[in-house]
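A.B. asks: Here the sequence shown stands for residues 104 to 724, where the numbers follow this note's numbering. Think of the CB as a built atom: it goes at the ideal place given N, C-alpha and C, for glycine as much as any other residue. Remember, it's a predicted structure, so these values are computed and weren't measured experimentally.
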Amino acid sequence: MDARLKRILPRVQKPARYTGGEYHEIQKDKAEVDTRFAFCFPDSYEIGMSNLGMRILYGVMNRMEGVWCERCFAPWPDMEAEMRRAGIRLYGLESGDPITDFDFIGFSLGYEMAYTNVLNMLDLAGVPLRACERGEADPIVVAGGTCAYNGEPLADFIDIFSLGEGEDVTVEMIELYQEGKRQGWTKAEYLRRAAQIPGLYIPSLYEITYHADGTVASITPKDGAPATITKRIVQDLDESYFPTDTIVPSTEIVHDRVMLELFRGCIRGCRFCQAGFCYRPVRPKSRDVLIRQGIEACQASGYQEMTLSSLSSSDYRQLEGLCDGLLDYCTPRNINLNLPSLRADGFSMSIMEKLQRARKSSITFAPEAGTQRLRDAINKNVTEEDLLSSCRTVFEGGCNAVKLYFMLGLPTETDEDVLGIADLANKVYLCWRQYAATRARGIRITVSTSFFVPKPFTPFQWEAQIDLEEYQRRVQLLRGAITNKSIIYNWHDPDTSYLEAVFARGDRRLGRVIEEAWRNGAKFDAWSEYFDLERWQTAFRTCGVDPDFYARRERSYEEVLPWSHISVGVRPAYFWRERNQAYQSAITPDCRVQCMGCGADKLLQCGKCDEPLTRRERGEA
Numbered sequence: 104m105d106a107r108l109k110r111i112l113p114r115v116q117k118p119a120r121y122t123g124g125e126y127h128e129i130q131k132d133k134a135e136v137d138t139r140f141a142f143c144f145p146d147s148y149e150i151g152m153s154n155l156g157m158r159i160l161y162g163v164m165n166r167m168e169g170v171w172c173e174r175c176f177a178p179w180p181d182m183e184a185e186m187r188r189a190g191i192r193l194y195g196l197e198s199g200d201p202i203t204d205f206d207f208i209g210f211s212l213g214y215e216m217a218y219t220n221v222l223n224m225l226d227l228a229g230v231p232l233r234a235c236e237r238g239e240a241d242p243i244v245v246a247g248g249t250c251a252y253n254g255e256p257l258a259d260f261i262d263i264f265s266l267g268e269g270e271d272v273t274v275e276m277i278e279l280y281q282e283g284k285r286q287g288w289t290k291a292e293y294l295r296r297a298a299q300i301p302g303l304y305i306p307s308l309y310e311i312t313y314h315a316d317g318t319v320a321s322i323t324p325k326d327g328a329p330a331t332i333t334k335r336i337v338q339d340l341d342e343s344y345f346p347t348d349t350i351v352p353s354t355e356i357v358h359d360r361v362m363l364e365l366f367r368g369c370i371r372g373c374r375f376c377q378a379g380f381c382y383r384p385v386r387p388k389s390r391d392v393l394i395r396q397g398i399e400a401c402q403a404s405g406y407q408e409m410t411l412s413s414l415s416s417s418d419y420r421q422l423e424g425l426c427d428g429l430l431d432y433c434t435p436r437n438i439n440l441n442l443p444s445l446r447a448d449g450f451s452m453s454i455m456e457k458l459q460r461a462r463k464s465s466i467t468f469a470p471e472a473g474t475q476r477l478r479d480a481i482n483k484n485v486t487e488e489d490l491l492s493s494c495r496t497v498f499e500g501g502c503n504a505v506k507l508y509f510m511l512g513l514p515t516e517t518d519e520d521v522l523g524i525a526d527l528a529n530k531v532y533l534c535w536r537q538y539a540a541t542r543a544r545g546i547r548i549t550v551s552t553s554f555f556v557p558k559p560f561t562p563f564q565w566e567a568q569i570d571l572e573e574y575q576r577r578v579q580l581l582r583g584a585i586t587n588k589s590i591i592y593n594w595h596d597p598d599t600s601y602l603e604a605v606f607a608r609g610d611r612r613l614g615r616v617i618e619e620a621w622r623n624g625a626k627f628d629a630w631s632e633y634f635d636l637e638r639w640q641t642a643f644r645t646c647g648v649d650p651d652f653y654a655r656r657e658r659s660y661e662e663v664l665p666w667s668h669i670s671v672g673v674r675p676a677y678f679w680r681e682r683n684q685a686y687q688s689a690i691t692p693d694c695r696v697q698c699m700g701c702g703a704d705k706l707l708q709c710g711k712c713d714e715p716l717t718r719r720e721r722g723e724a
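The structure is reproduced here in structure tokens:
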């Protein structure tokens, strides 16, 4: 360890964030390595180490011959200040070497409010911020994750965007780089060749022009780059790498447990949900593989908790059998099994019994909207009867805490829909009074609302976000309607959601805004103690950019969107059709009931998504 680092660590919070040396950390002989990759997560160690994607790609790369992937996280402001005073550059946790000496610096972009941390980490590493300013000796800067589907606001700073699932495309990208090293390619030549790898987007190879009104006029590829870049997917999750010997952190993290990924994709079509469409098509893992991986992960880590991770755990066909198989191992060893992301229409007493075995004392449901009309408009496909029936099940099972998640500002929302949230919460309370196994402990119903953000690659990507004042009015309307002391109301700060909408649908002109805000002190914007909206407003004014143009403007179907050259497999015409369905409050059935032809099945070599429900599964036999 660097002597300077030893001196400063006693002066910072949670020094274990910065030392490495954790159990299952991968060390390699530098003499046997010709390609080094710094996997950077632009947030704290506690957040980054909880990211399953990072755990997977860390293992994938380190299995490659001649490749060493190391981890790097955004240092907390106290550590950053000490590093700058001591002249310590950002370093990889495994070796302690400055990441400016690496071949690749890769960022995981899970949320827009981490963008300033990307710039801050590059600066801490001593790497020029803008891609056009980097020389042949500088690392290649890569970015992936959900936000990469519209990476345009960061296009000035990123050499390569990786679109979709990274297990295969990352290997291909590194192998091409290794070939280029042997052949003596320049960085420009490597990038031109990398553009031919499906799933890699090289922003410097695309010229963007604008109309006088500020909308995008054209997106033109050059140097042989493809006109459309389509995301990559893993075809067979059973055969794909999964880290059962994952790193065990030396300090507490947010999700400090074994995580099992049941499947990728989503059979649902919630019209606000980017992940639900971007992760299509549906590809489940087999039950036996999951049981084996779960047991091996517990044995390798010593964890006493396991969570089943997917967008909707209850949509896994073999959930009950999977729980039985895992609990046979977990129960005698006092390992807790968590089932998050359960849907109200997929809840049953048998699931409840398994939750009881796992010592679950609370349950979470996300109706998203307070009235059936609005739930139909967003295609939630959950009825009030579904929710109350599920609540009855958990109350009869002894549960005394329920969390209900909603959004405010959804397209077509009215005051009646807002007040419907309070009404639904009251009905949940009455359900508890009628069906609770015991009322001695009381009931705690937590209602939480977030601010709707229109996202790319959803049916609502063309919608305008309501203004902050209107959001606050709706919050106060709901707040006044919740009078039951057993119902607690929490609401999300709208300022960050407003900026999230700006950058989610932004273009390259926002790059200078991000840089200006960063130079004025913006970082860790996802953390309330560091976020400052005025700092961002000043940056917008300085750069002559109107944020409302991105957040609060409705788009037409004919408008060229900043991400029009990117494909997630779902056709734009399908999204537009779904948008029109929303304004009629017309539902679209889930993929197992009827295929609606979104187009994602074309990404599969077999040409078909998850099988439709059988008659038995539909309750017809």
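1) Does the beta carbon of Phe643 come closer than 7 Å to any beta carbon on chain C?
2) Where does Phe652 sit, in a helix, a strand or coil, going by DSSP?
3) Look at the alpha carbon of Leu613 and the alpha carbon of Val673, and state the distance between them as a whole number of angstroms.
4) How would you label Cys709, buried or exposed, when you count the other beta carbons within 10 angstroms and need 16 or more for buried?
5) Roughly how many angstroms separate the alpha carbons of Arg114 and Gly473, rounded to a whole number?
6) Check Ser389 in the structure and name its three-state DSSP category.
7) Between the beta-carbon of Ala189 and the beta-carbon of Arg120, is there less than 7 Å?
8) Mind checking Arg367: buried by the 16 CB within 10 Å criterion, or exposed?
9) If we call anything under 7 Å between Cβ atoms a contact, is Cys728 one with Val616?
10) Can you grab the Cα-Cα spacing for the pair Ala504 / Lys588, in whole Å?
11) Quick one: what's got a C-beta closer than 7 Å to Asp271's C-beta in the same chain, skipping five residues either side?
12) So, using beta-carbon positions, are Cys494 and Val531 closer together than 7 Å?
13) Starting from Trp621 and walking both ways along the alpha helix (DSSP H), at which residues does that stretch end?
14) Tell me, which residues are paired with Arg547 by DSSP?
15) For Thr549 and Phe468, what's the separation of their Cα atoms in angstroms?
16) Go through its chain and collect everything with a Cβ distance to Ala584's Cβ below 7 Å, but skip five positions before and after it.
17) Does DSSP put Val163 in a helix, a strand or coil?
18) Beta-carbon within less than 6 Å of Val221's beta-carbon, same chain only, minus the 5 sequence neighbours each way: which residues are those?
19) Can you say whether His314 is buried or exposed, counting buried as having 16 or more other CB atoms within 10 angstroms of its CB?
20) Assign Arg52 to one of two classes, buried (16 or more other C-beta atoms within 10 Å of its C-beta) or exposed (fewer than that).
21) Ser493 lies in the alpha helix (DSSP H); which residues open and close that run?
22) Report yes if the CB atom of Arg655 is closer than 7 Å to the CB atom of Ala540, and no otherwise.
23) Output the distance between the C-alpha atoms of Ile311 and Pro329, rounded to the nearest integer angstrom.
24) Any chance you could list the alpha helix (DSSP H) runs of at least 4 consecutive residues sitting entirely within the segment 548-591, in chain order?
25) Between Asp326 and Thr410, what straight-line distance do the alpha-carbon atoms span, to the nearest angstrom?
26) Rank Trp535, Asp570, Ala447 by C-alpha distance to the C-alpha of Pro650 and give the top, closest one.
27) In terms of alpha-carbon separation, which member of Gly199, Arg360, Asp339 lies closest to Ala149?
28) Could you tell me which of Val578, Trp621, Asp635, Gly545 sits nearest to Asp598, measuring between CA atoms?
29) Can you tell which of Leu422, Leu414, Glu408 has its C-alpha closest to the C-alpha of Phe380?
30) Go to Arg114, then tell me how far its alpha helix (DSSP H) extends in each direction, as first and last residue.
31) With which residues is Trp171 paired in a DSSP beta bridge?
32) Go through its chain and collect everything with a Cβ distance to Arg139's Cβ below 6 Å, but skip five positions before and after it.
33) Answer yes if the segment 239-251 comes into contact with the segment 261-276, meaning at least three C-beta pairs across the two stretches below 8 Å, and no otherwise.
34) What three-state label does DSSP hand Ile129 in the structure shown?
35) Beta-carbon within less than 6 Å of Gly229's beta-carbon, same chain only, minus the 5 sequence neighbours each way: which residues are those?
36) So which of Glu255, Leu511, Asp241, Arg547 has the shortest CA-CA distance to Glu572?
C.D. replies: Here's the rundown:
1) As a matter of chain content, chain C is missing from the structure shown, which is built from one protein chain.
2) helix
3) Roughly 26 Å between the two C-alpha positions.
4) exposed
5) Their backbone Cα atoms lie some 49 Å apart in a straight line.
6) coil
7) 7 Å or more divides the Cβ of Ala189 from the Cβ of Arg120.
8) buried
9) The question about residue 728 has no answer, for the chain in this structure spans 104 to 724.
10) 14 Å
11) Its chain contains Arg335, Val337 as the residues whose beta carbon lies nearer than 7 Å to that of Asp271, once the 5 sequence neighbours on both sides are disregarded; these appear in chain order.
12) yes
13) From DSSP, the alpha helix (DSSP H) with Trp621 extends over 614-622.
14) Ala504
15) 10 Å
16) Leu522, Ala525
17) In the structure shown, the three-state DSSP call for Val163 is helix.
18) Pro145, Phe210
19) exposed
20) This structure cannot settle anything about residue 52, because the visible part of the chain is limited to 104 through 724.
21) Run containing Ser493: 487-499, per the alpha helix (DSSP H) assignment.
22) no
23) 15 Å
24) Annotation: the segment 548-591 contains the following complete segments of the alpha helix (DSSP H) (minimum length 4 residues), in chain order: 571-584.
25) 46 Å
26) Asp570
27) First, the amino acid is wrong: residue 149 is Glu here, not Ala. That would be Arg360, whose Cα lies nearest to the Cα of Glu149.
28) Asp635
29) Leu414
30) Unbroken run through Arg114: none, as it is neither H nor E.
31) Arg139
32) The answer, listed in chain order, is Trp171, Phe205, Asp206.
33) yes
34) coil
35) Arg192, Thr203
36) Leu511
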